[in-house]
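A.B. asks: Per our numbering, residue 266 is the first one in the sequence shown, and the count goes up by one each step.
Got a structure for you, questions after.
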Amino acid sequence: MKTLNYSITINASKDNVWNTLFTDENYPKWVYVFAEGAYAKTNWQEGSPVDFLTPNGDGMFSKIHQKIPNNLMVFNHLGFIKAGKKVYDEKSKAWENAKESYQLIEKHGKTELQVSMDTTEEYIDFFNETFPKALKIIKELSE
């Protein structure tokens with residue numbers, strides 16, 4: 266696993282940025298850059314399961330490891346989902362306990378969004394290409 270880090274400064278309050286990131290209404294508006302039609306199936310509460318899915322039922326199953334509203338959200342990835350079913354093969358096991366965190370720090374009326382995520386070698390280029398696009402959309406939606 267390798268940890269990737271991304272950040273962006275957004276001219277909006279932490280509340281606005283949080284609402285853009287973690288509501289059923291807004292989440293699909295920025296996450297589509299990773300997969301068209303992507304969405305999250307969860308209640309967004311700490312300790313709850315979360316399935317990150319595409320319309321065809323592929324994605325990841327995870328858990329909300331930590332939630333401090335308007336400050337921090339940490340997901341613990343557990344494996345892949347294929348056609349709506351959890352997969353427990355070697356590729357899926359490589360993602361066990363991978364973390365993905367979103368931290369919001371407000372300074373002088375602006376919010377710095379810091380994202381940290383663990384990934385396998387094969388996805389580094391994909392995330393380095395798509396995460397900056399996602400952050401730009403989050404910024405536009407929040408401002």
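Beta carbons are placed, not taken as given, at the ideal position from N, Cα and C, and that holds for glycine.
Examine the Cβ distances between the segment 365-374 and the segment 272-283 and report whether three or more of them are shorter than 8 Å.
C.D. replies: yes
A.B. asks: Is residue 398 buried or exposed, if buried means 16 or more other CB atoms sit within 10 Å of its CB?
C.D. replies: exposed
A.B. asks: Count the other C-beta atoms from every protein chain shown that fall within 10 angstroms of the C-beta of residue 266, then say buried if there are 16 or more, exposed otherwise.
C.D. replies: exposed
A.B. asks: Look at residue 300 and residue 319 and say whether their C-beta atoms are less than 9 Å apart.
C.D. replies: Contact check for residue 300 against residue 319 passes: the beta carbons are separated by less than 9 Å.
A.B. asks: Label residue 333 either buried or exposed according to how many other C-beta atoms from any shown protein chain fall within 10 Å of its C-beta, with 16 as the threshold for buried.
C.D. replies: exposed
A.B. asks: What residue range is occupied by the uninterrupted beta strand (DSSP E) comprising residue 380?
C.D. replies: 375-384
A.B. asks: Does the segment 342-349 touch the segment 306-322, meaning 3 or more C-beta pairs lie closer than 8 Å?
C.D. replies: yes
A.B. asks: Answer yes or no: do residue 337 and residue 327 have a C-beta to C-beta separation smaller than 9 Å?
C.D. replies: no
A.B. asks: On the DSSP letters alone, give me the boundaries of the alpha helix (DSSP H) that residue 272 sits inside.
C.D. replies: No alpha helix (DSSP H) contains residue 272, which is instead part of the beta strand (DSSP E) from 267-275.
A.B. asks: Let me make sure I understand the geometry here. Which of 378, 375, 393 and 314 has the alpha-carbon closest to that of residue 269?
C.D. replies: 393
A.B. asks: Assuming contact is defined by CB atoms lying nearer than 9 Å, are residue 406 and residue 273 in contact in what I supplied?
C.D. replies: no
A.B. asks: Who are the Cβ neighbours of residue 341 in its own chain at under 7 Å, not counting the five residues just before and after it?
C.D. replies: 327, 328, 330, 362 and 364
A.B. asks: In whole angstroms, what is the alpha-carbon distance linking residue 307 and residue 315?
C.D. replies: 5 Å
A.B. asks: For the beta strand (DSSP E) that contains residue 399, what are its first and last residues?
C.D. replies: No beta strand (DSSP E) contains residue 399, which is instead part of the alpha helix (DSSP H) from 389-407.
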